[in-house]
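Undergrad: To start, I am sharing the structure in question, which I have written as structure tokens.
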Ligand code: 6R9
């Protein structure tokens with residue numbers, strides 16, 4: 004039997020690109036044609052056009068031992084040279100690479116020449132500390148320029164970085180340091196968040212105590228928080244005493260295109276975090292290509308801002324590697340969106356005249372909750388393109404983003420991808436694609452996507468199924484650090500081990516509409532089964548968010564005696580509506596009816612709980628697993644990857 008996900012919610016709004024935008028757009032139809040005609044040739048062209056190779060490659064893809072791919076593998080390049088030196092040599096040394104803004108309001112503009120200088124110094128320090136090719140370096144920093152410098156310094160000398168979100172616990176940090184057997188940790192005394200200094204170095208000390216010091220020989224500490232810290236004179240070094248005094252002469256060598264670049268840990272739904280491994284040539288090709296084509300980058304005039312933390316893959320690909328490879332000018336902001344006032348982001352957009360903004364639906368929905376008067380008290384007219392990543396963006400949030408932030412006429416691109424895919428895989432191309440709110444739309448040129456039922460057969464019509472990538476792509480993960488078996492099982496053997504059945508399984512549900520546009524339906528593990536109907540979280544959540552009272556919603560399937568599972572919803576109300584609603588029982592009744600009318604009786608939530616917060620990861624993804632525990636009356640499971648680990652207590656008290 005083929006198992007599919009039912010498709011329910013209709014969305015009919017469409018937005019054509021404006022002729023003015025289309026006329027100046029970087030991407031044109033020709034990209035799709037070229038990729039269709041010769042997929043590998045297309046990627047080889049991108050690799051040659053967008054990057055500098057120390058030694059040109061002659062082979063594009065070696066797929067003789069799937070799922071272990073090699074791209075451009077007889078070529079050599081240096082990632083840091085591609086992101087820095089070559090721009091300086093091309094006369095762009097005075098261009099601002101980073102407009103950095105700290106949360107307390109301190110600012111630094113760093114040019115490409117200055118950034119190159121700093122990375123060379125840091126590379127020399129790493130080498131002096133005995134860090135060599137393939138050695139692992141853990142980076143545990145706030146969003147300060149040194150985070151970018153540290154990553155590029157590793158890349159420059161062929162060391163492998165593993166960035167861990169500042170704010171992850173000592174346990175999480177320790178397990179990541181252990182798994183990668185890191186020799187060095189780069190951290191700061193502390194960083195700013197919500198108006199306060201949060202300690203980082205003390206967490207590193209605690210983590211290293213847990214690992215018995217393990218493989219770590221040194222800790223390099225940036226001074227940022229000026230908070231009191233303990234010092235181990237044999238192990239610890241100050242960044243400002245070492246990097247500032249190091250030589251700025253550093254000749255970078257080329258490394259094989261399959262030389263590892265970084266490990267980034269991503270929490271599997273169960274089990275221990277997976278260290279996703281990325282390499283250099285293919286990765287840099289696809290991040291540079293997508294950064295340019297999807298964001299319509301004109302590096303000479305755009306100011307780009309991706310709000311992601313560098314501890315998330317989005318920060319790797321679209322704060323560090325993509326934008327810098329493309330010589331973009333970008334904003335880097337240390338703090339939270341609402342410190343010291345709720346208009347902080349919009350003030351930053353106004354100050355730097357940001358033209359391209361890339362953020363997550365969670366942020367958009369939290370601004371929706373606070374109301375449009377906050378962004379509207381700033382001048383946002385510099386914006387000409389908006390992007391979204393991390394979760395399905397509900398159509399209502401998409402419309403709000405386009406209208407309230409974008410002034411009503413600029414493109415919004417919803418980009419689907421994963422830590423594992425390394426770069427954007429599905430997105431509209433602005434200037435070409437007719438935009439549909441809520442749909443991630445089409446594979447980027449050179450990427451092959453399909454949607455299959457559980458047994459590997461195609462799904463019927465517009466029904467939902469499992470999203471798969473059918474052909475290898477340049478920025479694909481090369482493995483799970485230290486665990487090739489888990490790599491194969493988790494991603495490549497969903498439909499069996501026969502060569503024609505081996506495809507990359509993303510773990511997401513998706514459907515294709517009649518125009519061929521792709522809609523993401525949420526994680527497959529979160530799909531609910533109500534009386535034999537498989538319902539997606541994304542569609543019911545979008546329906547809830549479409550009601551004028553609701554700013555955010557999460558739904559889960561909870562065990563139910565009659566229907567197998569029942570839909571249980573958690574909603575956050577818009578601040579402007581809180582007075583309009585009389586009692587919480589009313590809200591629940593009205594929203595249950597609303598979903599039943601919009602989608603159908605089968606999707607009507609059994610319960611709707613009004614809450615003030617939802618449990619989210621540091622990158623803003625809702626952790627539905629924890630809400631399911633709550634809805635089924637169980638003790639709440641592992642909360643270590645939550646941005647705020649105390650949030651579940653708050654939510655449980657509101658639900659009772
Ligand atoms: C880049 C990133 C990957 C998971 C992915 C999916 C969800 C990301 C999305 C989206 C719908 C989008 N996701 N972008 N779902 N529409 N535009 O988020 O990487 O942190 O590894 O998460 O995020 O469920 O499988 P990562």
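Residue numbers (my numbering): 4 to 659. For glycine and all other residues, C-beta sits at the position ideal for the given N, C-alpha and C.
(1) Going by DSSP in three states, residue 315 sits in which element: helix, strand or coil?
(2) From residue 558 to residue 609, what distance separates their C-alpha atoms?
(3) Tell me whether residue 221 is buried or exposed, calling it buried when 16 or more other Cβ atoms sit within 10 Å of its Cβ.
(4) Just to confirm the assignment, what range does the beta strand (DSSP E) spanning residue 359 have?
(5) How many Å lie between residue 538 and residue 8 at the Cα?
(6) Which residue marks the beginning of the alpha helix (DSSP H) containing residue 652, and which one marks its end?
(7) For residue 4, which residues from the same chain have a beta carbon less than 6 angstroms from its beta carbon, with the 5 sequence-adjacent residues on both sides left out?
(8) Return yes when at least one heavy atom of the ligand 6R9 lies under 8 angstroms from the C-beta of residue 392, else no.
(9) Going by beta-carbon coordinates alone, are residue 315 and residue 168 separated by less than 9 angstroms?
(10) Measuring CB atoms only, is the segment 362-373 touching the segment 326-336, in the sense that at least three cross pairs come out at less than 8 angstroms?
(11) Report the option in 477, 311, 385 whose CA atom is closest to the CA atom of residue 363.
(12) Which partner residues does residue 277 have in the DSSP bridge list?
(13) By the 10 Å Cβ neighbour count, where 16 or more other Cβ atoms means buried, how is residue 575 classified, buried or exposed?
(14) Does DSSP put residue 163 in a helix, a strand or coil?
(15) Any heavy atom of the ligand 6R9 closer than 8 angstroms to the beta-carbon of residue 523?
(16) From residue 162 to residue 171, what distance separates their C-alpha atoms?
(17) Could you give the C-beta distance for residue 592 and residue 653, rounded to a whole number, given that I count them as a contact under 8 angstroms?
(18) Report all residues from its chain with a CB closer than 6 angstroms to the CB of residue 138; omit the five preceding and five following residues, and keep chain order.
(19) Starting from residue 532, follow its DSSP beta bridges and name the residues at the other end.
(20) Counting along the chain, where does the alpha helix (DSSP H) carrying residue 232 start and finish?
(21) Excluding the 5 residues preceding and the 5 following residue 606 in the sequence, name in chain order all residues of the same chain whose CB lies nearer than 8 angstroms to its CB.
(22) Tell me, please, which residues DSSP counts as bridged to residue 420.
(23) Is the beta carbon of residue 328 closer than 9 angstroms to that of residue 76?
(24) By the three-class DSSP mapping on this structure, what secondary structure does residue 633 have?
(25) Grouping DSSP H, G and I as helix and E and B as strand, with all else coil, what is residue 141?
(26) Please report how far the alpha carbon of residue 295 lies from the alpha carbon of residue 397, in whole angstroms.
(27) Given residue 429, which residues of its chain have a CB within under 6 angstroms of its CB, disregarding the five upstream and five downstream residues?
(28) By DSSP, does residue 545 sit in helix, in strand, or in coil?
(29) Helix, strand or coil for residue 493, going by three-state DSSP, please let me know.
(30) Confirm, please, whether the CB-CB distance from residue 156 to residue 180 is below 9 angstroms.
(31) Assign residue 320 to buried or exposed, taking buried as 16 or more other Cβ atoms, counted over all protein chains shown, within 10 Å of its Cβ.
(32) Just to confirm, are residue 208 and residue 223 a CB contact at a threshold of 9 angstroms?
(33) What separation, rounded to the nearest whole angstrom, lies between the Cα atoms of residue 493 and residue 508?
(34) Taking the beta carbon of residue 68 as the centre, do at least 16 other beta carbons fall within 10 Å, making it buried, or is it exposed?
(35) Do residue 128 and residue 246 have their C-beta atoms within less than 9 angstroms of each other?
TA: Working from what's here:
(1) Here residue 315 refers to the residue found at position 312 when the chain shown is read from its first residue. Coil at residue 315, not helix or strand.
(2) For the purposes of this step, residue 558 is taken as residue 555 along the chain shown, with counting starting at 1. For the purposes of this step, residue 609 is taken as residue 606 along the chain shown, with counting starting at 1. So the alpha carbons of these two residues sit roughly 11 angstroms apart.
(3) Position 218 of the chain shown, counted from the start, is the residue given in the question as residue 221. Buried, since its Cβ has 16 or more Cβ neighbours within 10 Å.
(4) Counting from 1 along the chain shown, the entry for residue 359 is found at position 356. Where residue 359 is concerned, the enclosing beta strand (DSSP E) starts and stops at 359-362.
(5) By one-based count along the chain shown, residue 538 stands at place 535. By one-based count along the chain shown, residue 8 stands at place 5. For residue 538 and residue 8, the distance between alpha carbons rounds to 6 angstroms.
(6) Reading the chain shown from its first residue, position 649 is the one you call residue 652. Counting along the chain, the alpha helix (DSSP H) containing residue 652 begins and ends at 650-658.
(7) Reading the chain shown from its first residue, position 1 is the one you call residue 4. Because the pLDDT of residue 4 is 49, which lies under 50, any placement of that residue in the model is unreliable, and the number read from its coordinates should be weighed accordingly. Excluding residues within five positions, none has a Cβ falling inside 6 angstroms.
(8) The residue you call residue 392 lines up with position 389 of the chain shown. Within the cutoff, so yes.
(9) By one-based count along the chain shown, residue 315 stands at place 312. By one-based count along the chain shown, residue 168 stands at place 165. The Cβ-Cβ distance between residue 315 and residue 168 falls below 9 angstroms.
(10) no
(11) The residue given as residue 363 occupies position 360 in the chain shown. Among 477, 311, 385, the Cα nearest to that of residue 363 is on 311.
(12) The count along the chain shown starts at 1 and reaches residue 277 at position 274. Residue 277 pairs with 269.
(13) Numbered from its first residue, the chain shown carries residue 575 at position 572. Buried.
(14) Position 160 of the chain shown, counted from the first residue, corresponds to residue 163. Here residue 163 sits in strand by DSSP.
(15) Along the chain shown, one-based indexing puts residue 523 at 520. Under cutoff, so the answer is yes.
(16) Position 159 of the chain shown, counting from 1, holds the residue named residue 162. Position 168 of the chain shown, counting from 1, holds the residue named residue 171. Residue 162 and residue 171: Cα-Cα distance of roughly 23 angstroms.
(17) Here residue 592 refers to the residue found at position 589 when the chain shown is read from its first residue. Here residue 653 refers to the residue found at position 650 when the chain shown is read from its first residue. About 24 angstroms; that fails the 8 angstroms criterion.
(18) Along the chain shown, one-based indexing puts residue 138 at 135. Same-chain partners within the cutoff: 162, 186.
(19) In the chain shown, the residue the question calls residue 532 occupies position 529. BP columns for residue 532 point to 537.
(20) Taking the first residue of the chain shown as position 1, residue 232 is located at position 229. No alpha helix (DSSP H) holds residue 232; DSSP gives it neither H nor E.
(21) The residue you call residue 606 lines up with position 603 of the chain shown. Cβ neighbours of residue 606 within its own chain (closer than 8 angstroms, five residues either side excluded): 11, 533, 538, 542, 543, 546, 570, 598, 599.
(22) To locate residue 420, count along the chain shown from 1; it is residue 417. Its beta-bridge partners do not exist; DSSP assigns none.
(23) By 1-based counting over the chain shown, the position of residue 76 is 73. By 1-based counting over the chain shown, the position of residue 328 is 325. In terms of Cβ geometry, residue 76 and residue 328 do not form a close pair [threshold 9 angstroms].
(24) For this step, residue 633 is matched to residue 630 along the chain shown. Helix at residue 633.
(25) By one-based count along the chain shown, residue 141 stands at place 138. Strand, per DSSP.
(26) One-based indexing of the chain shown puts residue 295 at position 292. One-based indexing of the chain shown puts residue 397 at position 394. One C-alpha to the other measures close to 25 angstroms.
(27) Taking the chain shown and counting its residues from 1, one reaches residue 429 at position 426. Contacts found: 419, 443, 446, 521.
(28) Here residue 545 is taken as the residue at index 542 of the chain shown, counted from 1. It is helical.
(29) Mapped onto the chain shown, residue 493 falls at position 490. Reduced to three states, the DSSP call for residue 493 is helix.
(30) The residue labelled residue 180 in the question sits at position 177 within the chain shown. The residue labelled residue 156 in the question sits at position 153 within the chain shown. No, Cβ-Cβ distance for residue 180 and residue 156 is not below 9 angstroms.
(31) The residue you call residue 320 lines up with position 317 of the chain shown. By the neighbour-count rule (16 or more Cβ atoms within 10 Å), residue 320 is buried.
(32) As a working mapping, residue 208 is identified with position 205 in the chain shown. As a working mapping, residue 223 is identified with position 220 in the chain shown. Not in contact: residue 208 and residue 223 (Cβ atoms no closer than 9 angstroms).
(33) Reading the chain shown from its first residue, position 490 is the one you call residue 493. Reading the chain shown from its first residue, position 505 is the one you call residue 508. About 8 angstroms.
(34) Residue numbering aside, residue 68 sits at position 65 when the chain shown is read from its first letter. So residue 68 ends up on the exposed side.
(35) Numbered from its first residue, the chain shown carries residue 128 at position 125. Numbered from its first residue, the chain shown carries residue 246 at position 243. Yes. Within cutoff.
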